[in-house]
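Worksheet for the structure shown next.
Chains as they are written, first to last, in the working numbering: chain A, 977 to 1307; chain B, -6 to 304.
Here it is, written out as structure tokens:
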């Protein structure tokens, strides 16, 4: 079966008066039906830009997709009319944003904001939309949902608002849910609840998910596959379990080493990757991670390594691959 | 609750008016000159002035006059009698002229709101295009041109030149006579609203919830009307209140140029004539209007922004 989403060689450029910034360079990946893809990376790694270019939500200008193809359900998104793209958004692709405090319109009631997508795309009347909205609020774990419909955003907590945003993204039963760091702004305890809730709802509906985060540990038991991005490029892609066990890219290995868990001793020095990520558009032709990499060879900064298949669904873009396993599936 | 807030605000009107009244009273008496100075080209004989002062109580001590005036307002609801307009009561003058200025002002407000907000929204959406620059130019001209210039130009162009509209005169709310004075009054607040709407709209248009609305695939017009405008208009309401208070109280120049029997000219005439009762009367009317507009703006806030509540 053809994957739900195919992104091929996507490049996005930001042109501002400060200069040109290639935020995403030649990124390719796929998302299957019902599959959960995690995209992990630091700030400015291009993970959000990559995801937001799928439903055409990048601000243009300054952003511009300068190359590549985005196939959603075998249709080329970049060749769609603006009306078709609008029907894609909300109806077939739902998006949850990072900051629930600013994502809701503060002067309109929660219920109205929840219903408007359904009323527009599914052509529901007020009663039917209201009924479905109450159902949705209940599914995302909001107590007394019928009353909450009348609330204004400022009357809800951050966690509640993010639940409302998720309900709104799920409203039209989209085929793909894009979640752009939806738990970053929330308390850790609320984070876990939200992740569990999204996982169970999307699994029930066989919905595909792209979950963007800078927290690799969050993806460990949620994402089927994980894409590691750095400096606008894909560093490594693998089934999540494989990534956690046999990461081959020095950057992924660094990320995994910096995860703090309950086994970490109190007096233990926390591990970090030396150096800082490129602010934006690191003008390197080669591997963007090379300035911080301790395994680099001479050609790393000048020639970018291709994303090569090294195992079953496992791809790495590294000339050195210092952690390559010698196991039979190590390619 | 809101009704309690309203009562408190209304109760505050009385002391505020008392302050306005007192300041005006003592300031105008402290101003050199008197009501009988410029009444005619020939100075009045000393004995006549003496007699007039006696009739109008102007030779009593100033505190006495202050007290009598206040007492008359509260006991008889009378604002006194005009010195320069042989015996017409100030209350009658206000009753005759204020409705004209109010109606003119309301038409001007309507024009200013509709065109000002539209202009502001359009220039925000077409930021940095030719349309936006033209709208900005229009706003700058509108803010900086005095309304007597606007009124004169409109009369010259549309009444004298093209002959489409009468040069002036008052013929009720629904007559074409109202167009020139109303537009002349509307231009300044219109330009002001356009500028504020533009900047407020630009800010809102970049907000997260607009991107969220886009992510729902809503049409741009829905996003504009349902999401952006209600937010963008909140700060605009503040400016509008003050600008409208000015418009409703009438303008000396616009009313004189287009011969409107409004209250605006009495503000200015009464001060030159040292017509104390009319000065006090018109100032109090102005104060009441400004306070009402401020109260209206504060109440409109609660309608525009659910986060604002006066409890």
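For glycine and all other residues, C-beta sits at the position ideal for the given N, C-alpha and C.
State the Cα-Cα distance for the pair residue i and residue j, rounded to the nearest angstrom.
| i | j | result |
| --- | --- | --- |
| residue 1006 of chain A | residue 236 of chain B | 58 Å |
| residue 1034 of chain A | residue 157 of chain B | 51 Å |
| residue 277 of chain B | residue 59 of chain B | 15 Å |
| residue 1299 of chain A | residue 1242 of chain A | 28 Å |
| residue 1114 of chain A | residue 1135 of chain A | 14 Å |
| residue 144 of chain B | residue 1137 of chain A | 53 Å |
| residue 117 of chain B | residue 172 of chain B | 28 Å |
| residue 259 of chain B | residue 271 of chain B | 7 Å |
| residue 30 of chain B | residue 54 of chain B | 20 Å |
| residue 103 of chain B | residue 241 of chain B | 11 Å |
| residue 995 of chain A | residue 130 of chain B | 30 Å |
| residue 295 of chain B | residue 288 of chain B | 11 Å |
| residue 200 of chain B | residue 109 of chain B | 22 Å |
| residue 214 of chain B | residue 150 of chain B | 37 Å |
| residue 1194 of chain A | residue 1050 of chain A | 30 Å |
| residue 205 of chain B | residue 265 of chain B | 60 Å |
| residue 1171 of chain A | residue 1108 of chain A | 22 Å |
| residue 990 of chain A | residue 1037 of chain A | 8 Å |
| residue 101 of chain B | residue 176 of chain B | 6 Å |
| residue 68 of chain B | residue 6 of chain B | 18 Å |
| residue 166 of chain B | residue 99 of chain B | 10 Å |
| residue 1297 of chain A | residue 1223 of chain A | 9 Å |
| residue 239 of chain B | residue 282 of chain B | 9 Å |
| residue 1146 of chain A | residue 186 of chain B | 39 Å |
| residue 1252 of chain A | residue 1230 of chain A | 13 Å |
| residue 284 of chain B | residue 1124 of chain A | 37 Å |
| residue 1271 of chain A | residue 1293 of chain A | 14 Å |
| residue 292 of chain B | residue 1184 of chain A | 47 Å |
| residue 1101 of chain A | residue 1121 of chain A | 19 Å |
With distances taken between CB atoms, is the gap from residue i to residue j smaller than 9 Å?
| i | j | result |
| --- | --- | --- |
| residue 223 of chain B | residue 105 of chain B | no |
| residue 178 of chain B | residue 244 of chain B | yes |
| residue 1011 of chain A | residue 1201 of chain A | yes |
| residue 1234 of chain A | residue 1249 of chain A | yes |
| residue 300 of chain B | residue 1279 of chain A | no |
| residue -4 of chain B | residue 248 of chain B | no |
| residue 227 of chain B | residue 112 of chain B | no |
| residue 1182 of chain A | residue 1160 of chain A | no |
| residue 208 of chain B | residue 1073 of chain A | yes |
| residue 999 of chain A | residue 1022 of chain A | yes |
| residue 162 of chain B | residue 96 of chain B | no |
| residue 78 of chain B | residue 86 of chain B | yes |
| residue 1119 of chain A | residue 1069 of chain A | no |
| residue 83 of chain B | residue 72 of chain B | yes |
| residue 982 of chain A | residue 1046 of chain A | yes |
| residue 191 of chain B | residue 230 of chain B | no |
| residue 1287 of chain A | residue 1228 of chain A | no |
| residue 1140 of chain A | residue 1089 of chain A | yes |
| residue 1127 of chain A | residue 1085 of chain A | yes |
| residue 184 of chain B | residue 133 of chain B | yes |
| residue 1189 of chain A | residue 1153 of chain A | no |
Leaving out five residues on either side along the sequence, give the residues of the same chain with a beta carbon under 6 Å from the beta carbon of residue i.
| i | result |
| --- | --- |
| residue 1044 of chain A | 984, 985, 986 and 987 |
| residue 1053 of chain A | 1046 |
| residue 1008 of chain A | 979 |
Using C-beta distances below 7 Å, list every residue in its chain close to residue i, excluding the 5 sequence neighbours before and after it, in chain order.
| i | result |
| --- | --- |
| residue 1295 of chain A | 1273, 1275, 1276 and 1281 |
| residue 1199 of chain A | 1012, 1013, 1014, 1187 and 1216 |
| residue 220 of chain B | 202, 203 and 206 |
With a threshold of 16 other CB atoms inside 10 Å of the CB of residue i, please say whether the residue is buried or exposed.
| i | result |
| --- | --- |
| residue 17 of chain B | buried |
| residue 1176 of chain A | exposed |
| residue 88 of chain B | exposed |
| residue 977 of chain A | exposed |
| residue 997 of chain A | buried |
| residue 148 of chain B | buried |
| residue 1081 of chain A | buried |
| residue 197 of chain B | buried |
Beta-carbon within less than 8 Å of residue i's beta-carbon, same chain only, minus the 5 sequence neighbours each way: which residues are those?
| i | result |
| --- | --- |
| residue 1291 of chain A | 1210, 1212, 1213, 1214, 1283, 1284 and 1285 |
| residue 1220 of chain A | 1196 and 1232 |
| residue 195 of chain B | 117 and 120 |
| residue 1097 of chain A | 1063, 1066, 1067 and 1148 |
| residue 1026 of chain A | 983, 986, 988, 1000, 1003, 1015 and 1205 |
| residue 306 of chain B | Residue 306 of chain B is absent from the model: chain B starts at -6 and stops at 304. |
Taking 8 Å as the cut-off, is the CB of residue i close to at least one heavy atom of the ligand NAD?
| i | result |
| --- | --- |
| residue 1047 of chain A | The ligand NAD is absent from the structure shown, which contains no ligands of any kind. |
* To do: With a floor of 4 residues, list each alpha helix (DSSP H) that falls wholly inside the segment 1183 to 1219 of chain A, ordered by position along the chain.
  => 1192 to 1195
* To do: Could you pull out every unbroken beta strand (DSSP E) segment of at least 3 residues lying fully inside the segment 980 to 1066 of chain A, listed in chain order?
  => 981 to 992, 995 to 1007, 1012 to 1016 and 1039 to 1048
* **4-residue-minimum alpha helix (DSSP H) runs that sit fully inside the segment 19 to 96 of chain B, ordered along the chain** => 39 to 48 and 55 to 69
* Asked: For the segment 136 to 219 of chain B, which segments carrying the alpha helix (DSSP H) assignment without a break, of at least 4 residues, lie completely within its bounds, in sequence order?
  -> 140 to 147, 172 to 198 and 201 to 208
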